[in-house]
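**Q** Residue numbers (our numbering): -4 to 185.
Cβ atoms here follow ideal geometry from the backbone N, Cα and C, with glycine treated the same way.
All values reported here derive from a predicted model rather than from experimental measurement.
This is the structure, below, for whatever I ask next.
Structure (structure tokens):
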């Protein structure tokens, strides 16, 4: 990843339904006569809209047990527990595959945690989709995802055997499987 250049996309890239500054300036109260006042008012409304989206993202991340990234038919989407959290991000095929691999890598290497920081990281996507480094990165992320899936399957088999050996009830199994709330980010699949 360190050899790939990264672009910093704006908030509207991550949340395409955000209004533009121009649209918000047009909605500014008539009492604001100076262009600077109208712009400041519009910027404040945009910041409020972004803050609302970050708060909604934080709520979904806090409640999620599993995350998934899908790039299909030109659309990049992030799912939490099967529900779309971020979507309608349309990219060219090669750029979308690279961005999807990057998002997946972010999820595989750690829990999202703070939504504002995570949203910033999601917007710092690698560029140069056709380069050998990008191709290698995509392949390595796929390998990492496959390894995580294999580890999860092995853990599940080990737990099933241990539950059987200890004769745990369904309630006791639930408590063990959900210790410390839940394992955040443990089920991040490609």
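Hey, is the stretch 8 to 24 in contact with the stretch 81 to 96, meaning 3+ C-beta pairs nearer than 8 Å?
**A** These segments touch.
**Q** Alpha carbon to alpha carbon, how far is residue 77 from residue 26? Give it in angstroms, no decimals.
**A** Computed Cα separation, rounded: 46 Å.
**Q** With a threshold of 16 other CB atoms inside 10 Å of the CB of residue 63, please say whether the residue is buried or exposed.
**A** Under this definition residue 63 is a buried residue.
**Q** In this structure, how does DSSP classify residue 11 when only helix, strand and coil are distinguished?
**A** In this structure, residue 11 counts as coil in the three-state DSSP scheme.
**Q** Count the other C-beta atoms from every protein chain shown that fall within 10 angstroms of the C-beta of residue 49, then say buried if there are 16 or more, exposed otherwise.
**A** With 16 or more Cβ atoms within 10 Å of its Cβ, residue 49 is classed as buried.
**Q** Among 146, 114, 158, which residue has its Cα nearest to the Cα of residue 5?
**A** The residue with the shortest Cα to Cα distance from residue 5 is 114.
**Q** List, from N- to C-terminal side, the alpha helix (DSSP H) runs of 4 residues or more that fit wholly inside the stretch 11 to 82.
**A** Runs found: 16 to 21, 30 to 58.
**Q** How should residue 136 be labelled, buried or exposed, when 16 other C-beta atoms within 10 angstroms of its C-beta is the threshold for buried?
**A** Under this definition residue 136 is a buried residue.
**Q** Using DSSP with H/G/I as helix, E/B as strand and the rest coil, what is residue 106?
**A** Residue 106 falls in the coil class under three-state DSSP.
**Q** Does the pairing of the stretch 120 to 131 with the stretch 90 to 103 give three or more beta-carbon distances under 8 Å?
**A** Output reads yes: the stretch 90 to 103 touches the stretch 120 to 131.
**Q** Would the beta-carbon of residue 59 fall within 7 Å of that of residue 75?
**A** Yes, the pair counts as a contact, with Cβ atoms nearer than the cut-off.
**Q** Whose CA, out of 104, 44, 17, 45, lies closest to the CA of residue 33?
**A** Ranking the options by Cα distance to residue 33, first place goes to 17.
**Q** As an exercise, report each continuous beta strand (DSSP E) stretch of at least 3 residues that is fully enclosed by the stretch 105 to 145, in chain order.
**A** Complete beta strand (DSSP E) runs here, min 3: 119 to 121.
**Q** So for residue 2, helix, strand or coil by DSSP?
**A** Note: residue 2 maps to strand in three-state DSSP.
**Q** Considering only the beta carbon of each residue, do residue 174 and residue 158 sit closer than 7 Å?
**A** No; because the gap between Cβ atoms is not below 7 Å, this pair is not in contact.
**Q** Going by the DSSP bridge assignment, what does residue 84 pair with across the sheet?
**A** Residue 84 pairs with 71.
**Q** Just tell me which of 79, 127, 89 has its CA closest to the CA of residue 69.
**A** Among 79, 127, 89, the Cα nearest to that of residue 69 is on 89.
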